[in-house]
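Notes follow once the structure below has been shown.
Numbering (UniProt numbering), first residue to last: 1 to 527.
Right, here's the structure in full:
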């Protein structure tokens, strides 16, 4: 069910310790970062970090962080906002929201449409807007920011009219609300049905019995989710995953069409906020782990890499099957753009670049374009390209270039996550300080540039598409991956539309996708 306001306590609440994380499997290497490793179904709590001394009459800018974790894991306490609050002289809030089957269960029953995790986030934004003044915060200067699934979430919230007035600025780190699979109704409903079948709550294995599901304990429900998640699956399959869905309440099927028309409620809220969004150079490197799952079947060594044949005849078909309705023309287009008669190492890096462009860079640029077309608000893009020495682990393949997905988060938080045995250079400390300054200055004014900025961060416009590249020595670039973006933001949507028309089959909308030329196109699933 959707979250409900708790109401007044009536007594003093002891908020000096962190609450539990929402139901999930906590990675062993994440446990040292989490003050409270307990998990509970009762988890909707938030954490507030304030500067050391709050002046009585001051009103501090507020930054609300939404964690990542593919909508299935993560917690607010994984981001320690202490150093950002102190250096930036701002207030930082981190939140929990329900995850996996608890936060995104979706059925055909109108009582359980889905998106509960998004409603949890929205409730947290409402609470901050209504109460942060009691902690010295300025409700007129609230920035929501997040990483990965958290970035997908906050940028999606920036398009939902129900959120008008709850925040004034948005920062997205490695995720855009216009990424094709952020909204995936059928995959989520299939995962929900599979869990119901495991629990004996699916009559004839065709529909979910909600009353039966509500009678299941949280532990048993989570155990069923883990069983479904661990089943063997096809390459790049969405099997067992959970995502936001089209519910025609929070998210409408024609969301992108509405965004493209400047006077719709969706476009109005997007154009009412300042936007800062970016990515890291090695976003697509995670696919390395997916290759290991197919090591024997494909007769490959992921550490060495894959050749053009495996890329075009194995990797691409799996991706197009899940994202683009198995359209053959799209397979050919991706193969042509991202393959060549080069070394195995270079071909594998091209595959990683393809995943980066498809999942992060192209949707990010699409959002920036939509935001900057008619908006009187500021737009900024960044790239994080510094590869820290501590990421040069023994597992890292030689072909993988650039920092890992999530590398910039530690720099924004102040590099306080690592044990003393990790060597952090003075130059990396300085990079972290610069990023904290840019982030907090943006939260204060909507412009990341401050009086002490060594490198001026230019705004993003359709005319020059400039971005700031964060490295030990920052620099300004333009048209990030510019030669590749038209494939994802124009060519593939047009090919998808043609593919749908040629099939001539009945269909229903499953997920949102990008537009081609001046038209909006939807990705659809067929029945």
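Just so it is clear, CB atoms sit at the ideal spot from N, CA and C, and this is done for glycine as well. Just so you know, these numbers come straight off a predicted model, no measurement behind them.
Rounded C-alpha distance that separates residue i from residue j
i           : j           : result
residue 25  : residue 463 : 46 Å
residue 255 : residue 8   : 36 Å
residue 224 : residue 253 : 30 Å
residue 372 : residue 421 : 44 Å
residue 404 : residue 281 : 8 Å
residue 470 : residue 69  : 24 Å
residue 297 : residue 304 : 16 Å
residue 140 : residue 343 : 54 Å
residue 159 : residue 135 : 28 Å
residue 274 : residue 427 : 30 Å
residue 77  : residue 33  : 8 Å
residue 477 : residue 357 : 17 Å
residue 11  : residue 431 : 44 Å
residue 81  : residue 455 : 25 Å
residue 485 : residue 364 : 10 Å
residue 234 : residue 425 : 42 Å
residue 285 : residue 37  : 28 Å
residue 48  : residue 194 : 38 Å
For residue i, the three-state DSSP class (helix, strand or coil)
i           : result
residue 460 : coil
residue 61  : strand
residue 70  : coil
residue 39  : strand
residue 276 : strand
residue 466 : strand
residue 223 : helix
residue 50  : coil
residue 381 : strand
residue 301 : strand
residue 172 : strand
residue 476 : strand
residue 245 : coil
residue 371 : helix
residue 138 : strand
residue 145 : strand
residue 76  : helix
residue 92  : strand
residue 150 : helix
residue 115 : coil
residue 21  : strand
residue 103 : helix
residue 131 : helix
residue 284 : helix
residue 447 : coil
residue 489 : helix
residue 404 : strand
Buried versus exposed call for residue i [16 or more other C-beta atoms within 10 Å across all chains shown]
i           : result
residue 110 : exposed
residue 2   : exposed
residue 410 : buried
residue 498 : exposed
residue 419 : exposed
residue 542 : Absent from the structure is residue 542, since the part of the chain shown begins at 1 and ends at 527.
residue 532 : Outside the displayed span of the chain (1 to 527) sits residue 532, for which this structure offers no information.
residue 5   : exposed
residue 249 : exposed
residue 337 : buried
residue 74  : buried
residue 85  : buried
residue 384 : buried
residue 206 : exposed
residue 13  : exposed
residue 402 : buried
residue 232 : exposed
residue 189 : buried
Nearest-angstrom beta carbon gap, residue j and residue i [assumed within contact, 8 Å]
i           : j           : result
residue 96  : residue 45  : 6 Å
residue 472 : residue 386 : 6 Å
residue 209 : residue 218 : That pair is no contact at about 18 Å.
residue 242 : residue 72  : 6 Å
residue 126 : residue 22  : Not a contact, Cβ separation roughly 19 Å.
residue 107 : residue 192 : 6 Å
residue 277 : residue 172 : 4 Å
residue 228 : residue 198 : 6 Å
Near the ligand SAH: residue i beta-carbon under 7 Å from a heavy atom
i           : result
residue 496 : As presented, the structure is devoid of all ligands, the ligand SAH included, so that no description of it is given.
Contact with chain B by residue i, beta-carbon distance below 8 Å
i           : result
residue 497 : Absent from the structure is chain B; it holds one protein chain and no more.
query = Is it a yes or a no for the segment 314-323 touching the segment 229-240, going by three-plus beta-carbon pairs under 8 Å?
reply = Taking a cut-off of 8 Å on C-beta distances, the segment 314-323 touches the segment 229-240, as three or more cross pairs fall below it.
inquiry  = Taking contact to mean 3 or more Cβ pairs, one atom from each stretch, closer than 8 Å, check whether the segment 261-274 and the segment 160-167 are in contact.
reply    = At 8 Å Cβ cutoff, the stretches touch.
ask   = Is it true that the segment 384-403 meets the segment 308-321, where meeting means three or more beta-carbon pairs spaced less than 8 Å apart?
value = Because the criterion of three Cβ pairs below 8 Å is not met, the segment 384-403 and the segment 308-321 do not touch.
message = Tell me whether the segment 136-154 and the segment 61-79 touch, counting them as touching only if at least three CB pairs, one residue from each stretch, are closer than 8 Å.
response = Enough Cβ pairs lie closer than 8 Å, so yes.
ask   = If you pair each beta-carbon of the segment 438-450 with each one of the segment 341-355, do three or more pairs fall below 8 Å?
value = Touching, no, given that fewer than three Cβ pairs across the two stretches are closer than 8 Å.
request  = Taking 8 Å as the threshold, find out whether the segment 259-266 comes into contact with the segment 87-106 through three or more Cβ pairs.
outcome  = No, the segment 259-266 is not in contact with the segment 87-106.
inquiry  = So, does the segment 359-379 touch the segment 31-44, judging by three or more C-beta pairs under 8 Å?
reply    = Taking a cut-off of 8 Å for Cβ pairs, the segment 359-379 and the segment 31-44 do not touch, as fewer than three such pairs fall below it.
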